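Single-structure report; data block below.
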Amino acid sequence: MFKMKRAAAWMLPALAFASYAGLARADEHMVLVDTIDVGGAGLGAFDISFVDPKINLYVLADRTNASVDFFDPRDDTFVTRVGGFKGVVLVNGVANNNLSGPDGVIVVGNKQVWAGDGDSTVKIIDLATHSIIDTVSTGGKFRCDEMTWDSADHILAVANNADSPPFLTLINTDTHKIIKKIAFDGTNGTPDATNGLEQAQWSARTGMFYVSVPQIGSDVTEGGVSVIDPSSSSVVATYPVVNCTPAGLALGPKDEALLGCSVSFGTSPNVLTQSVVMNVKTGTVVATIPQVGGSDEVWYDPATNHYYLGARSDKNTAGVTTPVLGTIDAGSNQFDGSVFTSTSAHSVAADKKSHHVFVPIGVQAAGASDPTSPCKTKGCIAVYLPSSIDYDDGSKRSASNDDKDGKHHD
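Start counting at 1 in the sequence shown, then tack on 4, and there's your number in my numbering.
Here's what the structure looks like:
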């Protein structure tokens, strides 16, 4: 195992605890409590991460090591990795994300990991043997990216975001057969997705898939969320959202979802950066959170009832990019605060048992300045914990009194 010693809170730089400018309330802020060394060639290029709390597993799409990496979220330890992916693919000496892999990753049925690769395939990893047992081709030219799983119908939805037009593939996870490919080209009820597809989710409450559509048509300010019915394998609605370019999408309480807006609009001193909460049954925007934006992956933790945002492109009112891990209270849809991370920190996942929030951070590029990065030399998984955690018994306890097993210790 590869493991780094937990950093004591008093040793952390004051910057790590700073709340972002514009903070309206701060009943919870995030504390850096650990870093995980992934071993191998370190961590430079990576993509999506995912936590399955039922089997105590955190997985990361690690392009540097051309593998899916496995971690135990209870004690923040590296467990193993499964290779066989494209890794970082160079075109004319420059990394091409559209051809690299792994990309999207998810745990299916607590027994398998499905991971997208740069050759338009989805590779299936058996958790009992830690080996690739099958490969499903979606027939595109570029990577299979973000994905979600319908546990009721056993259907995986995976996006080929870099193909033109982008398309969503529905795959039966029992037979590994493709059910349907849905091209987002403005026909058959689909929007004209001119800037790919991003994070998708399946709702057990509504039985529908939801996928972020960053841009619809030629207007860069117009995006949306498309609703896909698994029973008909078709898009049944697209809800518009403006000034957002939605990338991340996390389902929260009350039929609501947080949209991680990936792009800021306007110029200094009128930069518009925000996140949006939408009712997924009606498409109504129920809240906008102006204090944090520029996000890629976002996550909802039902245990703490908070959203977490990988906001690597967050901007202040002067237009200066300040990468952060953002926190939003899903009960009130209000901004709680943020902690500085790194310009590479676009992926985030939380474990509802240990309350650990995992943010992969890549090695600092040669000659680059990334002063807020907690791991500059080899890259790492930065582990954060809420400063104040609400427990089932109604008590609220400090993160400093909680050991890494997620249990309270005085």
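Even for Gly, the Cβ is constructed at its ideal location relative to N, Cα and C. For clarity, every value in this text was computed on a predicted model and none was experimentally measured.
Asked: Gly314 to Cys248 span [Cα, whole Å]; Found: 15 Å
Asked: Any beta strand (DSSP E) of 3 or more consecutive residues that is wholly inside the stretch 233-315; Found: 238-246, 250-255, 260-265, 279-283, 289-293, 302-305, 310-315
Asked: Terminal residues of the beta strand (DSSP E) in which Phe89 lies; Found: Phe89 -> no beta strand (DSSP E), and no H or E assigned at all.
Asked: Distance CB(Trp118)-CB(Leu174) smaller than 8 Å; Found: no
Asked: Straight-line gap, Asn273 to Ala322 (C-alpha atoms, nearest Å); Found: Residue 273 is actually Pro in this sequence, not Asn. Computed Cα separation, rounded: 5 Å.
Asked: Beta bridge counterpart(s) of Gly105 as assigned by DSSP; Found: Gly91
Asked: Beta-carbon proximity check, Gln203 vs Glu150, cutoff 8 Å; Found: yes
Asked: For Val324 and Thr345, believed in contact at Cβ under 8 Å, the rounded distance; Found: With a Cβ gap of about 15 Å, Thr345 and Val324 do not count as contacting.
Asked: Under the three-state DSSP convention, the category Lys380 falls into; Found: coil
Asked: Identity of the residues DSSP links to Pro390 by a beta bridge; Found: Met34
Asked: Which listed residue (Val239, Lys319, Asn283, Leu255) has its alpha carbon closest to that of Phe269; Found: Lys319
Asked: Residue nearest to Leu61 in terms of C-alpha spacing, selected from Val224, Asp73, Ala251; Found: Asp73
Asked: Coil, strand or helix - Lys58 by DSSP; Found: helix
Asked: Leu47 beta carbon less than 8 Å from that of Lys380; Found: no
Asked: Strand pairing of Asn164, partner residues [DSSP]; Found: Phe171
Asked: Residues near Phe75 by beta carbon distance below 8 Å, same chain, minus five either side; Found: Ile40, Leu61, Tyr62, Val63, Leu64, Thr81, Phe82, Val83, Phe362, Ile385
Asked: Beta-ladder partner(s) of Gln338, from DSSP; Found: Asp333
Asked: Segment limits, beta strand (DSSP E) that includes Gly120; Found: 116-120
Asked: Buried or exposed (CB count within 10 angstroms, at least 16 for buried), Asp178; Found: exposed
Asked: Range of the contiguous beta strand (DSSP E) that encloses Met212; Found: Counting along the chain, Met212 falls outside any beta strand (DSSP E), and DSSP gives it neither H nor E.
Asked: Reduced DSSP category for Phe82 - H, G, I as helix; E, B as strand; rest coil; Found: strand
Asked: Stretch-stretch touch, CB-based, cutoff 8 Å, three pairs: the stretch 291-308 with the stretch 226-237; Found: no
Asked: Element boundaries [beta strand (DSSP E), containing Thr125]; Found: 125-130
Asked: Phe6 - DSSP class collapsed to helix/strand/coil; Found: Residue placement at Phe6 is poorly supported in this model, since its pLDDT is 39, which falls under 50; the coordinates still yield a value, given next. Phe6: coil per DSSP, three-state reduction.
Asked: Start-to-end residues for the beta strand (DSSP E) that takes in Lys185; Found: 182-187
Asked: Minimum C-alpha distance to Lys145 - residue among Thr139, Ser168, Gly193, Gly330; Found: Ser168
Asked: Cβ-Cβ distance between Arg78 and Phe50 below 8 Å; Found: no
Asked: Burial state of Pro106 (16 or more Cβ within 10 Å); Found: buried
Asked: Gly366 to Pro378 span [Cα, whole Å]; Found: 10 Å
Asked: Assumed close pair Pro341, His33 - CB separation to whole angstroms, cut-off 8 Å; Found: For the record, residue 341 in the displayed sequence is Gly; it is not Pro. Correct: roughly 4 Å between the Cβ atoms.
Asked: Simplified DSSP state of Gly44, which is helix, strand or coil; Found: coil
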